[in-house]
Amino acid sequence: MDARFSQRIKDVLSYSKEEAIRLGNAHIGTEHLFLGILRDGEGLAIDVLVVLGVELYDLRMAIEKSIRNDQPSSVTDPDSLPLLKSAERILKLTHLEARSMKERTIDTNHLLLAILKDDNNYATRYLVENGITYNKVKKEISDSQPEGKADFPGDARMTRSENAPNAPIYPRPLRQSGKPVCNNPKEVNRPRNLPALRSQQAPIAVPTGTPGTADLARSM
């Protein structure tokens, strides 16, 4: 199994095998991958589908009806189920989706997008018929992502600490000509001579808070 897969993706792949056996199928196809996402029931893929108004129960029932085998396969070992070429291609596409979004870890949102790129599976046809297209889903996913790091060193964009992704967003220090505004330690630490009449001036409001800073499982 790919080391870049998140734990949720690994769980989804395991669920897809179990869904194939439950529905009497002797292989794992794209629809089983999608059923794995639905069975997991969490993650960005599910969140986006819900936001876009997809009735997950109706979608699940429709997919199951389309692939259920009335004469179930005798296969009972999930690990012995072969992966169809179409499903293999979907899993390879997840790498491209993650790369296009500049993300290293592959998660359910990348799997959902990869499935929607394939028009030959029932899940995609169902979603497209209900107005849920690849472009619409990708836009919703992109809009839900936190703002990334600044692309240029001179930017003072808002960023998060990589070691504390849940910490408040804070601005990068402004730079001039690629150097800090003040890079002289003596100048920074030099005490200032305050005016004698400082005590007679109105107090200066000082902010009272500053932002804090705070993968292999079962193989296929």
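Take the sequence shown: its position 117, counting from 1, is numbered 117 in this note's numbering, and each next residue is one higher.
Each residue gets a CB set at the ideal place from its N, CA and C atoms; glycine is no exception.
With respect to the C-alpha of A98, the residue from L81, I132, L84 and K138 having the closest C-alpha is K138. C-alpha of N109 to C-alpha of S73: approximately 31 Å in a straight line.
Restricting attention to alpha helix (DSSP H) runs no shorter than 4 residues, the region 75 to 155 encloses them at 85 to 100, 108 to 116, 122 to 129 and 134 to 144, ordered along the chain. Between the C-alpha atoms of D40 and M101 there is a straight-line separation of about 23 Å.
For F34, the enclosing alpha helix (DSSP H) has its first and last residue at T30 to D40. E42 sits exposed, since fewer than 16 C-beta atoms from the chains shown fall within 10 Å of its C-beta. For the 7 Å CB-CB criterion, S16 and D107 do not form a contact.
Non-local beta-carbon contacts of L111 in its own chain, meaning distances under 6 Å to residues more than five positions away in sequence, involve T94 in chain order. Of the candidates N25, F34, H27 and R22, the residue whose Cα lies closest to the Cα of D11 is F34.
Beta-carbon to beta-carbon, S144 and L59 are separated by about 20 Å, too far to satisfy the 8 Å threshold.
DSSP places Q7 in the uninterrupted alpha helix (DSSP H) bounded by Q7 to R22. Cβ-Cβ separation between L96 and H27: approximately 24 Å, too far for a contact (criterion under 8 Å). Assignment of E64 by DSSP, reduced to helix, strand and coil, places it in the helix class. In terms of CA proximity to A114, T30 leads the group Y126, T30 and V54. Contact check between the region 114 to 125 and the region 17 to 26: fewer than three CB pairs, one atom from each, fall below 8 Å, which does not count as touching.
In the three-state DSSP reduction, L44 falls in the helix class (H, G or I). In terms of CA proximity to L116, A87 leads the group E18, A87 and E64. By the neighbour-count criterion, in which a residue is buried when 16 or more other Cβ atoms sit within 10 angstroms of its Cβ, L91 is buried.
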